[in-house]
Structure formats: C-alpha cells, structure tokens
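Participant:
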Amino acid sequence: MTGAAMEENYKLEKEYKVPVSIFSEAYREFQKKFVYPKNRIFVILFAVMAVVVLCIGVLNVKGTSDTGKYLYYLAFMVFVALAAREWYNPRKLHRNLTESVRALGEPVYKIGVSDKYVDISTVSEDLSDIPDEEKEEVLKDDPLPEKTRLNIDDSFRVMEYEKFFMLIPGTAMLYIIPKEGFSEGDMSIIRELKK
C-alpha cells in the first residue's frame, strides 16, 4: 500500500472496471427501485384522466359547440401524450446512459472502504481508441476527477445482486461495484457496509 492509502486506513482497497453489460443491468435495477414506482403512478393518473375527459367529451357532444368538442379531444390527446411520455422517458434515459457509458470505454476505478465512508475514484481512463501520440495530450488536458467520498449514514444503502453491488447514497446517485475480481472476503466487507 502507498503512504496515502495507509493514511486513509481502508479495510478494503481495490481497482475494478464496470463492463457496459453490468452497468445496464444495474441501472435497470436502480430504475425498478426508485424511478418506475413513481412513473407508474403518473402513467395511471394521466391514463385515467384521458379516459375521464374522453367519456365527458362523448357524453356532452350533443349539447356542446364545435370549439368545446375540440377542447375535449385536445385535452384527451394531452393526457395520452403525458402518459406516453412518463412511460417512455425512463427507457430512453436508460438507453442514452448505457450508450454514454459504452462511449467511455472501461475506465479503471478504485474503491476504498473504511468504517465511516467509502471512497471511489477513477484511476485511469480507457484510452485504447486514442493513438499513442495523442494519449499524453488527452491526459494533460483532461485530468482525472477527484475521488468521491460516500459517507456511511442512514441514507446510505448497499444492494447486492448476482453480479454486482450497488452503493446508493440517498436516491439520486448510484455506484456500481462488480463482483468479478473481488474475493469472498472483499465482498463480505462490502456487505457489512449495510449493517
């Protein structure tokens, strides 16, 4: 271990990569837990509103002016469009994020686990698609980001799946730790974070 790592007093310190397939699966699980429940409520709400507006419009057609009829049908179409948007947006976001991660390649990350926090940092970028003469320039112009510290508190969650762990501080972010390359002892340290 290096001197800086000794200062941090980590129980676990390991480098890893997140394959696109693992990212896609993990983000889908994150959406199932935090995004889809809210979206289902809105889809149902907008669909019910569309049906109500359509029923009212059909029942009131005989005594309503042409402008009133068009307003009912316009309101119906707006509610249908809102329901469709709520259903489609999470799928679109999943596809776009997966493509963005695929474009990044497979950067190397490092996890450091202590008693009170988890540090995650980018160790190196995947520069395999860049010619050798440009790699040094890219690293100089675009330095690696600072490490991210996740405090282990009441809002911190660890979710375990067959191929990966998800570290979730709150409900807005997630960090994916693939099980591949981690020993059973390493994985037990990560499991203990949720206790």
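With the numbering used here applied, the sequence shown covers 809 to 1003. Glycine included, each C-beta is placed from N, C-alpha and C at the ideal position.
With Met974 and Phe838 assumed to form a contact (beta carbons below 8 Å), what rounded beta-carbon distance in angstroms separates them?
Facilitator: Sure, about 6 Å apart at Cβ, within 8 Å.
Participant: Pop quiz: Lys955 and Ser929 are said to be a contact at Cβ under 8 Å. What is the actual Cβ separation, rounded to whole angstroms?
Facilitator: Indeed, because the Cβ distance is near 3 Å, the residues count as touching under 8 Å.
Participant: The alpha helix (DSSP H) that contains Pro845, what's its start and end?
Facilitator: Run containing Pro845: Tyr844 to Leu867, per the alpha helix (DSSP H) assignment.
Participant: Cα-Cα, which of Ala889, Thr979, Asp994 and Ile998 is closest to Val843?
Facilitator: Ranking Ala889, Thr979, Asp994 and Ile998 by Cα distance to Val843 puts Thr979 first.
Participant: When the Cα atoms are used, what is the spatial distance from Ile984 to Ala892?
Facilitator: Roughly 30 Å separates the two Cα atoms.
Participant: Alpha carbon to alpha carbon, what distance is there between Lys877 and Tyr835?
Facilitator: Rounded to whole angstroms, Tyr835 to Lys877 spans 44 Å at the Cα level.
Participant: Pick from Ser963, Lys825, Ile852 and His902: whose alpha carbon is nearest that of Lys924?
Facilitator: Checking every option, the nearest Cα to that of Lys924 belongs to Ser963.
Participant: Quick check on the burial criterion: 16 or more other C-beta atoms within 10 angstroms. Buried or exposed for Asp994?
Facilitator: Answer is buried; the Cβ neighbour count reaches 16.
Participant: I'd like to know whether the C-beta atoms of Val861 and Phe884 end up nearer to each other than 7 Å.
Facilitator: Contact: yes.
Participant: Drop a sphere of 10 angstroms on the beta-carbon of Leu982, count the other beta-carbons inside from all chains shown, and report buried for 16 or more, exposed for fewer.
Facilitator: The residue in question, Leu982, is buried, as its Cβ has 16 or more Cβ neighbours within 10 Å.
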